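Data first, discussion second: the structure below is written as structure tokens.
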Amino acid sequence: MRSQKTTNKLPKPEDIHITWTYLPSLSKVSGDSPQERGFNFQRKIREFLESRLGYIPYLTTRIIGISGLEHEYDAIFVRDLATKDNLFFFECKWHQEGYTTSRYDVMIFNQKAFDVYYQIRTRKRKADLYRVLISSTPLTADAFKLCLSLGILVLQPYVPAETFPPLEAAIVQLRKALRSSISTEKRYLLNSLSEFRKRIFCGCASFYTRRMENGESLHGKYKELIARVALEVDSDWTDP
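Residue numbers (the numbering used here): -10 to 229.
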């Protein structure tokens, strides 16, 4: 029986972690208006993904969805040529300090992503689209829970006791801890993180076939896993 080479569809946890650690500096933008600062935030994210992580831009900055509506999107990339059928839609939300990304923002992004996804599928039948929301300010609690339920990856500022680091940061830090101290408990926890990641970060192709889960219960599990990792590692979440 001929073996088939398989590739991991999701971005490497290290890619997500390093992007998140740079979020504070990427969020520092100038401009004469909020719209201009938002555009500059999007540009900095695109340049970071391309130059620092080696992601490859896909299409132009405008696309007509299956609905016929024209969308101006922030960044759609492929990770590499080996996984070119797996596209990553990065939505970059910039707000002035004191403002938050809302549940309404999440719903608009999700609708836009699916409109784009179905249009891409008319040309690339095997394509899948993964949604990533990068926000310069924290999400509201209900917006974050909605993202967990919808399978949208969130990168937001870390505010202790208010927001959480991405699960990928926990994976990176736990792997680093395992290099210095092998532990069955840590390995089990790492496996739990990896499996939970698949539940909260999924492509549009599996959206209607996966079992939908309540955002509140997913939030509780997320909080539990982050707390368990915090007990196992000594380094700061943002340490490379």
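Here a beta-carbon is modelled for each residue, glycine too, at the ideal position from N, C-alpha and C.
Note that the structure is predicted; figures quoted are calculated from it, not measured.
Under the criterion of beta carbons closer than 8 Å, Leu42 and Asp4 qualify as touching, at roughly 5 Å.
Counting of Cβ neighbours within 10 angstroms places Gln24 among the exposed residues, the total staying below 16. Secondary structure at Ala116: coil, using DSSP grouped into helix, strand and coil. The residues Asp63, Ala64, Cys81, Trp83, in chain order, have a CB closer than 8 Å to that of Gln31 in the same chain once the five nearest residues on each side in sequence are set aside. In the DSSP assignment, Lys33 falls within the alpha helix (DSSP H) that extends over 23 to 40. Shown here, Pro46 sits in a strand according to DSSP, grouped into three states.
When secondary structure is reduced to three states using DSSP, Gly20 falls in the coil class, being assigned neither helix nor strand. Phe77: member of the beta strand (DSSP E) spanning 75 to 82, first to last residue. With respect to the 8 Å criterion, Ala102 and Arg114 are not classified as neighbours on the basis of their beta carbons. Taking one beta carbon from each stretch, the region 134 to 150 and the region 84 to 103 have 3 or more pairs nearer than 8 Å; the two touch. In the DSSP assignment, the residues bridged to Leu122 are Glu80, Val143. DSSP lists no bridge partner for Leu207.
Partner residues in the beta bridge of Val67, as assigned by DSSP, are Ile45, Leu76. With fewer than 16 other Cβ atoms inside 10 Å of its own Cβ, Gly87 counts as exposed.
Within 10 angstroms of the beta-carbon of Leu76 lie 16 or more other beta-carbons, which makes it buried. Taking a contact to require three or more Cβ pairs closer than 8 Å, the region 208 to 217 and the region 150 to 157 qualify as touching. Distance from the CA of Ser125 to the CA of Ser22, rounded to the nearest whole angstrom, comes to 16 Å. Inclusion of Leu179 and Leu167 in the CB contact set at 8 Å is warranted, their separation being smaller than that value. Taking Leu122 as reference, the option from Thr227, Thr8, Asp69 with the minimal CA-CA separation is Thr8.
For Val222, there is no enclosing alpha helix (DSSP H), as DSSP marks it with neither H nor E. Under a 10 Å Cβ-count criterion, Arg176 is classified as exposed, with fewer than 16 other Cβ atoms of the shown protein chains found around its own Cβ. Met201 and Lys33 have their C-alpha atoms spaced approximately 34 Å apart.
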